[in-house]
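Q:
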Amino acid sequence: MVKNFFALFFLYGIIVLNCKGNQPVLDKFPEIGGNFTLEDTTGNKFSLSDLKGKSVLLFFGYTNCPDACSFNLSRLSAVYNKLGSDSEKVKTLFVTVDPARDTKEKMGKYLSYFKFNPIGLTGTGKEIDKVADLYKIVHIKRETGQGKDYQVDHSTITFLIDANGIVRYLIKQDDPVNQVTAVIRNLLSEKL
Amino acid sequence: MKFGYGLGKLFFSFLLLEAAYCSFHPKTIEIRDGWIAETPEGAEVTGAFFKIKNYSEFDDEIISIQSSVSNDIQLHEVYMNRDVMSMRRLPSLRLNKGEFHELEPGKMHLMIMGLSEPLKSGAKIEITFKFKVAKEKRVEFVVKKMEFQ
Chain B
3 MVKNFFALFF
13 LYGIIVLNCK
23 GNQPVLDKFP
33 EIGGNFTLED
43 TTGNKFSLSD
53 LKGKSVLLFF
63 GYTNCPDACS
73 FNLSRLSAVY
83 NKLGSDSEKV
93 KTLFVTVDPA
103 RDTKEKMGKY
113 LSYFKFNPIG
123 LTGTGKEIDK
133 VADLYKIVHI
143 KRETGQGKDY
153 QVDHSTITFL
163 IDANGIVRYL
173 IKQDDPVNQV
183 TAVIRNLLSE
193 KL
Chain E
36 MKFGYGLGKL
46 FFSFLLLEAA
56 YCSFHPKTIE
66 IRDGWIAETP
76 EGAEVTGAFF
86 KIKNYSEFDD
96 EIISIQSSVS
106 NDIQLHEVYM
116 NRDVMSMRRL
126 PSLRLNKGEF
136 HELEPGKMHL
146 MIMGLSEPLK
156 SGAKIEITFK
166 FKVAKEKRVE
176 FVVKKMEFQ
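In the order they appear, the protein sequences are chains B and E. Residue numbering for the first sequence follows the working numbering, starting at 3 and increasing by one per position. Residue numbering for the second sequence follows the working numbering, starting at 36 and increasing by one per position.
(1) For E/Glu-182, go through chain B and note every residue whose CB falls closer than 9 Å to its CB, in chain order.
(2) Using CA atoms only, rank isn't needed, just tell me which of B/Thr-183, B/Arg-103, B/Asn-166, B/Pro-178 is closest to B/Cys-67.
(3) Taking the C-alpha atoms as reference points, what is the distance between E/Lys-167 and E/Asp-95?
(4) At the level of alpha carbons, what is the spacing between B/Thr-101 and B/Leu-78?
(5) Hey, how far is the Cα of E/Phe-164 from the Cα of E/Tyr-90?
(6) Given a threshold of 16 other Cβ atoms within 10 Å of its Cβ, counted over all protein chains shown, does B/Gly-127 qualify as buried or as exposed?
(7) Can the beta-carbon of B/Leu-190 be found less than 8 Å from the beta-carbon of B/Ser-57?
(8) Quick check: what's the CA-CA separation for B/Gly-147 versus B/Lys-84?
(9) If you measure from the CB of E/Leu-145, is any heavy atom of the ligand ATP nearer than 7 Å?
(10) Classify E/Cys-57 as helix, strand or coil using the three-state DSSP reduction.
(11) Using three-state DSSP, classify B/Phe-73 as helix, strand or coil.
(12) Work out the CA separation of E/Gln-109 and E/Val-178 for me, nearest whole Å.
(13) Three-state secondary structure (DSSP) at B/Ala-134?
(14) Decide yes or no for the touch test of the stretch 153-169 of chain B against the stretch 118-127 of chain E: beta carbon pairs closer than 8 Å, at least 3 of them.
(15) Which partner residues of E/Ser-105 appear in the DSSP bridge assignment?
(16) For the candidate residues B/Pro-120, B/Asp-151, B/Gly-125, B/Phe-61, whose alpha-carbon lies nearest to that of B/Ile-169?
(17) According to the Cβ coordinates, are B/Tyr-115 and E/Pro-75 closer than 8 Å?
(18) Using the Cα positions of E/Lys-132 and B/Lys-91, report the straight-line distance between them to the nearest angstrom.
(19) If you check the beta carbons only, do E/Ile-147 and E/Ile-66 fall under 8 Å apart?
This is the structure:
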C-alpha cells in the first residue's frame, strides 16, 4: 500500500511538471520505463524492444473495464484517424492488469474491434507486477461484494515511448484527441 | 350571464395552460438521451449513460434497474485519485425533488454485466427503472460507438 502511494505520488509529480501551459512538451523520464517481455494474444513472446524504430503507446487496463479503458481505446482510435498515414509509425500495447480473466483469446477478440490493431499483452501475475513496477503503475484488485466478482482500480496514464524505447510523454486520461495527436506528431518529427 | 361565460372561458384557458405545462414538464421522473456503448466481441461488460431529472413533487430514488440483455445492472460512480481510476457501486441513486443527474463517461454509469453477445450500434435496448415512489419507467436506450472528434 505504501509502495503504491509513493508510486502514485511520484507519477503525479512528473505529470504536473510535464505540462507547460497547455503545450505538450516531450521530455525524458529516466526513472520510468524499460524493456520487458510478455506474451501476446497469439501466445508468442513479445518484447518492447521488438518495436525498436517505432513510436509506441503503452497503457495498462482490462477488458472488463466499462469506462476508462474503452474510453481510452476509443480516444486512441480517433487519434490514429487524425494521424493518417503517420499512424503506421505508431504501435499501441495494451497490458492487462487482470490476467486471470483476460485470456489471450478474449483479449484478442476484444482488441480486434479497434482498427488500429492494438497488441494485447499478458503474463503471470508476477510478470505483470514487474512491468507495472517499471512504469510505476498502480493496480489494485477490489472485490465488489458480489460473489467472486471484482474490479481493478488502475492508473490511466498512457506512455508515449520513442523509437529507442524511452518514455517521452505521459498522456493523461482527459487529454483531448488533438493534444495527443500533436504530441505524437512532435515525436514523429524528431530525427532519430 | 356574461360574467359566468367569462369565468368559463378563463377556467377553460387555465385548463389548456395546465395541459400545455404538463406536456412539457410532466410531474414525474424524466430519463432522456440514454445510450449504451457498443461492445467489442469478447466484452462481457459495457456502460450505459443518460440524463435524469426528478420533476415530481417528491424526493425519490432509483432502487432497481433491469433489462433483458443482462441479469446484473449496477449503478457505478467513477472517481480519479490522481491518475488512478476507481469505481464504486452505488446501492441506489437519490433523486431529490428537482434534482438532475447526468451519467456520463468518467463520472457515473450503469454497468451492464454478463453480456452473452456483443451489442452493436443502432440496436435499441429497453431498460426498466424502478423507483421508491414513482411508477416504474421503461426507457429505450440506443447502442452507439463511444466516439471522439
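No residue lacks a Cβ here, since even glycine has one placed at the ideal position from N, Cα and C. Only a predicted model underlies this, so the values are computations on that prediction, with no experimental measurement involved.
A: Taking the structure as given:
(1) Taking the second sequence and counting its residues from 1, the one referred to as residue 182 of chain E is at position 147. Those are Ser-76, Ser-79, Ala-80, listed as they occur along chain B.
(2) As a working note, residue 67 of chain B is residue 65 in the first sequence. Looking at the Cα atoms, B/Arg-103 is the closest of the given residues.
(3) Translated into the one-based positions of the second sequence, residue 167 of chain E becomes position 132. Translated into the one-based positions of the second sequence, residue 95 of chain E becomes position 60. Distance between the alpha carbons of E/Lys-167 and E/Asp-95: 6 Å.
(4) Along the first sequence, read from residue 1 onward, the residue named residue 101 of chain B stands at position 99. Along the first sequence, read from residue 1 onward, the residue named residue 78 of chain B stands at position 76. Note that residue 101 of chain B is Pro in the sequence shown here, rather than Thr. C-alpha separation (whole angstroms): 23 Å.
(5) In the second sequence, residue 164 of chain E corresponds to position 129, counting from 1. In the second sequence, residue 90 of chain E corresponds to position 55, counting from 1. So the two alpha carbons sit approximately 16 Å from each other.
(6) One-based indexing of the first sequence puts residue 127 of chain B at position 125. B/Gly-127 should be labelled exposed.
(7) For this step, residue 190 of chain B is matched to residue 188 along the first sequence. For this step, residue 57 of chain B is matched to residue 55 along the first sequence. Their beta carbons are under 8 Å apart, which means B/Leu-190 touches B/Ser-57 by this criterion.
(8) For the purposes of this step, residue 147 of chain B is taken as the residue at position 145 of the first sequence. For the purposes of this step, residue 84 of chain B is taken as the residue at position 82 of the first sequence. Roughly 42 Å between the two C-alpha positions.
(9) With respect to small molecules bound, the structure shown includes none, and the ligand ATP cannot be examined in it.
(10) As a working mapping, residue 57 of chain E is identified with position 22 in the second sequence. Confidence in E/Cys-57 is poor, its pLDDT being 48 and thus under 50, which makes the residue's placement unreliable; the coordinate value appears in the next sentence. Note: E/Cys-57 maps to helix in three-state DSSP.
(11) Taking the first sequence and counting its residues from 1, one reaches residue 73 of chain B at position 71. Helix at B/Phe-73.
(12) Against the second sequence, residue 178 of chain E aligns to sequence position 143. Against the second sequence, residue 109 of chain E aligns to sequence position 74. In a straight line, the C-alpha of E/Val-178 is about 18 Å away from that of E/Gln-109.
(13) Within the first sequence, residue 134 of chain B is the residue found at index 132, counting from 1. Three-state DSSP puts B/Ala-134 in a helix.
(14) With the cut-off at 8 Å, the stretch 153-169 of chain B and the stretch 118-127 of chain E touch.
(15) Within the second sequence, the letter at position 70 stands for residue 105 of chain E. According to DSSP, E/Ser-105 bridges with E/Ser-102.
(16) In the first sequence, residue 169 of chain B corresponds to position 167, counting from 1. In the sequence on display, residue 169 of chain B carries Val and not Ile. Closest option to B/Val-169, judged by alpha-carbon separation, among B/Pro-120, B/Asp-151, B/Gly-125, B/Phe-61: B/Phe-61.
(17) If you number the first sequence from 1, residue 115 of chain B lands on position 113. If you number the second sequence from 1, residue 75 of chain E lands on position 40. In contact: B/Tyr-115 and E/Pro-75 (Cβ atoms closer than 8 Å).
(18) Translated into the one-based positions of the second sequence, residue 132 of chain E becomes position 97. Translated into the one-based positions of the first sequence, residue 91 of chain B becomes position 89. Using only the alpha carbons, I get a separation of about 54 Å.
(19) Here residue 147 of chain E corresponds to residue number 112 of the second sequence, with the count starting at 1. Here residue 66 of chain E corresponds to residue number 31 of the second sequence, with the count starting at 1. It is not a contact, given that the beta carbons lie outside the stated cut-off.
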